[in-house]
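Quick note: the sequence shown uses this note's numbering, first residue 724, plus one each step.
Beta carbons: idealized from backbone N, C-alpha and C, even for Gly.
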Amino acid sequence: MPRSGATILAANHLSHVDPIAVIAAARRTTHYLAKDGHFSNPLTRFVMRATGQIETHREAGGSDALAGAATILSNGKALGIFPEGTRSKREEAPFLLPGKTGVARLAASFPDAVVVPIALVGMRNLMTPKHHKWPRLHRRFDVNAGVGVTWLTWLGSQEGGGVSASELATLSEGDEHAIRAELARLYRRFTDQLMGSLSALGAE
Numbered sequence: 724m725p726r727s728g729a730t731i732l733a734a735n736h737l738s739h740v741d742p743i744a745v746i747a748a749a750r751r752t753t754h755y756l757a758k759d760g761h762f763s764n765p766l767t768r769f770v771m772r773a774t775g776q777i778e779t780h781r782e783a784g785g786s787d788a789l790a791g792a793a794t795i796l797s798n799g800k801a802l803g804i805f806p807e808g809t810r811s812k813r814e815e816a817p818f819l820l821p822g823k824t825g826v827a828r829l830a831a832s833f834p835d836a837v838v839v840p841i842a843l844v845g846m847r848n849l850m851t852p853k854h855h856k857w858p859r860l861h862r863r864f865d866v867n868a869g870v871g872v873t874w875l876t877w878l879g880s881q882e883g884g885g886v887s888a889s890e891l892a893t894l895s896e897g898d899e900h901a902i903r904a905e906l907a908r909l910y911r912r913f914t915d916q917l918m919g920s921l922s923a924l925g926a927e
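This is how it looks when you write it as structure tokens:
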């Protein structure tokens, strides 16, 4: 995992301790966007702020989260994100949920940021929803990181977006509907490939 520069660490989400696992594996300060409810309790507020987590307010909607993410990446820092958009509560494998395209939109907004797929394996043994209030730290889990890629590199790769410079120029001159449709296709493809990487790395 990159030790410096704008980085998006994209992991599957199985338990409340997932951010801690990613932060420990990254060996650098990694920021997550956390709902304001996590800052209401003095103890959790101390932990969240001590680990550099960013408070977002629900009443502000997605704009607040996007602004927080932009600040982190613009300053060349690491942002942790869960492409599934929520913690998987499935009781049986496969636990991995379909990815949401927000991670692709974020990558496109910061095309030089490195997006690293991270598979968290064994987290359900550590902490099971509705069964464990506290993590069972004696249980083993693994953090498997894949090869990172920037949006720009992915976009021009035949295995990725497959969009040449001339095609990109042509697209930019098209009508708004065509641009939106093509971007939606690329966002979906990027996200699906990212989720495929998580699965290949062992995400359950």
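For A842, the enclosing beta strand (DSSP E) stretches over residues 837-844. In this structure, the beta-carbon distance from L924 to A842 falls below 7 angstroms. Around the beta-carbon of L766, fewer than 16 other beta-carbon atoms lie within 10 Å, marking it exposed.
Residue pairing by DSSP puts D865 in a beta bridge opposite V844.
In chain order, L756, A757, K758, D759, D787, A788, G791 place their CB closer than 8 angstroms to the CB of T779, counting only its own chain and leaving out the 5 sequence neighbours on each side. Taken through DSSP and simplified to helix, strand or coil, G803 comes out as strand.
Contact annotation: the segment 878-889 does not touch the segment 798-806, with fewer than three C-beta pairs closer than 8 angstroms. Judged by their CB atoms, N735 and L819 are nearer to each other than the 7 angstroms cut-off. Note that the C-beta distance between R911 and T824 is below 7 angstroms.
Where E882 is concerned, there is no enclosing alpha helix (DSSP H), because DSSP gives it neither an H nor an E. The beta-carbon distance between T873 and P834, rounded to whole angstroms, is 6 angstroms. This is short enough to meet the 8 angstroms contact definition.
By a beta-carbon distance limit of 8 angstroms, L917 contacts P840. Their separation comes to about 6 angstroms. Bounds of the alpha helix (DSSP H) holding L891 are 888-895. The C-alpha of N798 lies about 29 angstroms from the C-alpha of S887. Here the alpha carbons of S889 and D898 stand approximately 16 angstroms from one another. Comparing C-alpha distances from F864 to each of A827, D915, S920, E927 shows the shortest one belongs to E927. With fewer than 16 other Cβ atoms inside 10 Å of its own Cβ, G919 counts as exposed.
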